[in-house]
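Asks:
Residue numbers (my numbering), protein chains in the order written: chain A, 1 to 237; chain B, 1001 to 1079.
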């Protein structure tokens, strides 16, 4: 699975798709697959990889088919709001494609094809528990994935984090921003911070886990394909 | 901190420089928030590192720290 990359990719997608896409829709789409599965993956599943990404389990939630279903539900609930529908679909799809880089992969073409697609760049580590998963991810090419996503955002999509971008290309597309501001009596700067919140969280998450794993806990980097070496090879269910 | 930057525009969003789009006071506010949040994360490990507390932390930080700063400045001005 990917960690901070999921937070960073939303802003790059926002740059790419502009006013056609709701940022909040993107966010819901990007968080959707893990929101449905993550807590059980760490704390309840006998076989975390199968439960999270496979079948029998909830692996179908990380698929393009589920992205279509989530978009259809959004279309219905939002009474045809195109930017929200498109945002949920794009965000969910990006999450699915990013997750194909670990050894568990994702059931990308469910329900037409139930096999997982995996590039195997880093080992799926949820079986180690959350802390062990963090150690495995931030010692492997997962660390490089987060760093690459951060660099791409900083180089190509940094303008999306500006107040001007938010006020002219994000907020007008989606009435939910005005609702949030009114509901919580937020000043403009707080609403802007809320918009930037997942970038902030992703950046701090990347920095903090890197320090915890390497400087405090002393784990080495293993930036080879299919790393890290100490996690047992992935066993298909 | 009051909002004193120019009226937002698509033109500015697409062409203005980094310095014009990100005022120094705003960068300091977010950088200080990041330092505090990361220190909390290092002290508590994954307790604060989640997708609810993280975004809420910076929202509350950017909302109230400027309020405290203004109060502090007014108080010092009276003394």
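We put the beta carbon where it would ideally sit given N, CA and C, even for glycine.
1. Between residue 1071 (chain B) and chain A, is any beta-carbon pair separated by less than 8 Å?
2. Using a Cβ-Cβ cut-off of less than 8 Å, give me the residues of the region 1012–1025 of chain B that come near chain A, in sequence order.
3. Using only the alpha-carbon positions, how far apart do residue 222 (chain A) and residue 121 (chain A) sit?
4. Can the beta-carbon of residue 64 (chain A) be found less than 8 Å from the beta-carbon of residue 93 (chain A)?
5. With distances taken Cα to Cα, identify the nearest neighbour of residue 138 (chain A) among A:29, A:13, A:228.
6. Do residue 103 (chain A) and residue 118 (chain A) count as a contact pair if the criterion is CB distance below 8 Å?
7. Which of the three DSSP states, helix, strand or coil, is assigned to residue 102 (chain A)?
8. DSSP beta-bridge partners for residue 122 (chain A)?
9. Determine the extent of the alpha helix (DSSP H) in which residue 10 (chain A) is found, giving its start and end residues.
10. Could you give the distance in angstroms between the alpha-carbon of residue 1002 (chain B) and the alpha-carbon of residue 176 (chain A)?
11. With which residues is residue 117 (chain A) paired in a DSSP beta bridge?
12. May I ask you to verify whether the region 60–77 of chain A touches the region 152–162 of chain A, counting CB pairs closer than 8 Å and requiring at least 3?
13. Using alpha carbons as the reference points, say which of A:52, A:57, A:162 lies closest to residue 197 (chain A).
14. Under the assumption that residue 186 (chain A) contacts residue 19 (chain A) (Cβ atoms under 8 Å), give the Cβ distance between them as a whole number of angstroms.
15. Please identify the residue among B:1033, B:1043, B:1074 whose C-alpha is closest to the C-alpha of residue 1057 (chain B).
16. Excluding sequence positions up to five away, which residues of its chain have a Cβ less than 6 Å from the Cβ of residue 78 (chain A)?
17. Residue 29 (chain A) and residue 95 (chain A): beta carbons closer than 8 Å?
18. Taking any Cβ of chain B, which residues in the region 26–55 of chain A have a Cβ under 8 Å from it, in chain order?
19. Measuring straight from C-alpha to C-alpha, what distance separates residue 1070 (chain B) and residue 202 (chain A)?
20. Please list the terminal residues of the continuous alpha helix (DSSP H) segment that includes residue 128 (chain A).
21. So, are the CB atoms of residue 209 (chain A) and residue 134 (chain A) less than 8 Å apart?
22. How would you label residue 1015 (chain B), buried or exposed, when you count the other beta carbons within 10 angstroms and need 16 or more for buried?
23. Output the distance between the C-alpha atoms of residue 211 (chain A) and residue 147 (chain A), rounded to the nearest integer angstrom.
24. Taking C-alpha atoms, which residue in A:128, A:192, A:86, A:54 lies nearest to residue 67 (chain A)?
25. With DSSP as the reference, label residue 30 (chain A) as helix, strand or coil.
26. Take the Cβ of residue 35 (chain A) as the centre, count every other Cβ of all protein chains shown within 10 Å, and call the residue buried at 16 or more, exposed below.
27. For chain A, is any of its Cβ atoms less than 8 Å away from the one on residue 1010 (chain B)?
28. Are residue 14 (chain A) and residue 21 (chain A) touching if we call contact CB-CB under 8 Å?
29. Please work out which residues of its chain come closer than 6 Å, Cβ to Cβ, to residue 88 (chain A), disregarding the five sequence neighbours upstream and downstream, and give them in chain order.
30. Can you give me the start and stop residues for the alpha helix (DSSP H) that residue 161 (chain A) sits inside?
31. Would you mind sorting residue 1052 (chain B) into buried or exposed? The rule is 16 or more other CB atoms within 10 Å of its CB.
32. State yes or no: is the beta carbon of residue 1042 (chain B) nearer than 8 Å to at least one beta carbon in chain A?
Replies: So, from the data block:
1. For the purposes of this step, residue 1071 (chain B) is identified with residue 71 of the second chain, where counting begins at 1. Judged by the 8 Å Cβ criterion, residue 1071 (chain B) is not in contact with chain A.
2. For the region 1012–1025 of chain B, which is checked against every Cβ of chain A, the residues closer than 8 Å are 1012, 1013, 1014, 1016, 1018, 1021, 1022.
3. Here residue 222 (chain A) is taken as the residue at index 222 of the first chain, counted from 1. Here residue 121 (chain A) is taken as the residue at index 121 of the first chain, counted from 1. Looking at the two C-alpha atoms, the distance is approximately 11 Å.
4. The count along the first chain starts at 1 and reaches residue 64 (chain A) at position 64. The count along the first chain starts at 1 and reaches residue 93 (chain A) at position 93. Yes.
5. Taking the first residue of the first chain as 1, we reach residue 138 (chain A) at position 138. Looking from the CA of residue 138 (chain A), the closest CA among A:29, A:13, A:228 belongs to A:228.
6. As a first step, residue 118 (chain A) must be located in the first chain, where it is residue number 118. As a first step, residue 103 (chain A) must be located in the first chain, where it is residue number 103. Yes. Within cutoff.
7. In the first chain, counting from the first residue as 1, residue 102 (chain A) sits at position 102. Strand.
8. Within the first chain, residue 122 (chain A) is the residue found at index 122, counting from 1. Partner(s): A:102, A:227.
9. If you number the first chain from 1, residue 10 (chain A) lands on position 10. Start and end: 5–17.
10. Indexing the second chain from 1 puts residue 1002 (chain B) at position 2. Indexing the first chain from 1 puts residue 176 (chain A) at position 176. Its pLDDT being 49, under 50, residue 1002 (chain B) is placed unreliably by the model, and the measurement read from it follows with that caveat. C-alpha separation (whole angstroms): 24 Å.
11. The residue labelled residue 117 (chain A) in the question sits at position 117 within the first chain. Per DSSP, A:106.
12. With fewer than three CB-CB distances shorter than 8 Å, the region 60–77 of chain A does not count as touching the region 152–162 of chain A.
13. Residue numbering aside, residue 197 (chain A) sits at position 197 when the first chain is read from its first letter. For residue 197 (chain A), the nearest C-alpha among the options comes from A:162.
14. Walking along the first chain from the start, residue 186 (chain A) turns up at place 186. Walking along the first chain from the start, residue 19 (chain A) turns up at place 19. About 23 Å; that fails the 8 Å criterion.
15. Here residue 1057 (chain B) refers to the residue found at position 57 of the second chain. For residue 1057 (chain B), the nearest C-alpha among the options comes from B:1033.
16. Walking along the first chain from the start, residue 78 (chain A) turns up at place 78. Within its own chain, the residues whose Cβ lies closer than 6 Å to the Cβ of residue 78 (chain A), once the five positions on either side in sequence are excluded, are 84, listed in chain order.
17. Residue mapping note: residue 29 (chain A) aligns to position 29 of the first chain, counting from 1. Residue mapping note: residue 95 (chain A) aligns to position 95 of the first chain, counting from 1. Yes, these two residues count as a Cβ contact at 8 Å.
18. Within the region 26–55 of chain A, the residues whose Cβ lies closer than 8 Å to some Cβ of chain B are 31, listed in chain order.
19. One-based indexing of the second chain puts residue 1070 (chain B) at position 70. One-based indexing of the first chain puts residue 202 (chain A) at position 202. A straight line joining the alpha-carbon of residue 1070 (chain B) with that of residue 202 (chain A) spans about 29 Å.
20. Here residue 128 (chain A) corresponds to residue number 128 of the first chain, with the count starting at 1. Taken as a continuous stretch (DSSP letters only), residue 128 (chain A) belongs to no alpha helix (DSSP H), as it is neither H nor E.
21. In the first chain, counting from the first residue as 1, residue 209 (chain A) sits at position 209. In the first chain, counting from the first residue as 1, residue 134 (chain A) sits at position 134. Cβ atoms of residue 209 (chain A) and residue 134 (chain A): closer than 8 Å.
22. Walking along the second chain from the start, residue 1015 (chain B) turns up at place 15. Result: exposed.
23. Your numbering for residue 211 (chain A) matches position 211 in the first chain. Your numbering for residue 147 (chain A) matches position 147 in the first chain. Across the structure, residue 211 (chain A) and residue 147 (chain A) are spaced so that their CA atoms are roughly 14 Å apart.
24. Stepping through the first chain from its first residue, residue 67 (chain A) is reached at position 67. Closest by alpha carbon: A:86.
25. For this step, residue 30 (chain A) is matched to residue 30 along the first chain. Reduced to three states, the DSSP call for residue 30 (chain A) is helix.
26. Your numbering for residue 35 (chain A) matches position 35 in the first chain. With fewer than 16 other CB atoms across the displayed protein chains lying within 10 angstroms of its CB, residue 35 (chain A) is exposed.
27. On the second chain, residue 1010 (chain B) is found 10 positions in, with the first residue counted as 1. Yes, its Cβ sits closer than 8 Å to a Cβ of chain A.
28. The count along the first chain starts at 1 and reaches residue 14 (chain A) at position 14. The count along the first chain starts at 1 and reaches residue 21 (chain A) at position 21. In contact: residue 14 (chain A) and residue 21 (chain A) (Cβ atoms closer than 8 Å).
29. Along the first chain, read from residue 1 onward, the residue named residue 88 (chain A) stands at position 88. Excluding residues within five positions, the ones whose Cβ falls inside 6 Å are 25, 28, 29, 70, 71, 74.
30. Taking the first chain and counting its residues from 1, the one referred to as residue 161 (chain A) is at position 161. From DSSP, residue 161 (chain A) is part of no alpha helix (DSSP H); its letter is neither H nor E.
31. Residue numbering aside, residue 1052 (chain B) sits at position 52 when the second chain is read from its first letter. With fewer than 16 Cβ atoms within 10 Å of its Cβ, residue 1052 (chain B) is classed as exposed.
32. Position 42 of the second chain, counted from the first residue, corresponds to residue 1042 (chain B). At least one chain A Cβ lies under 8 Å of residue 1042 (chain B).
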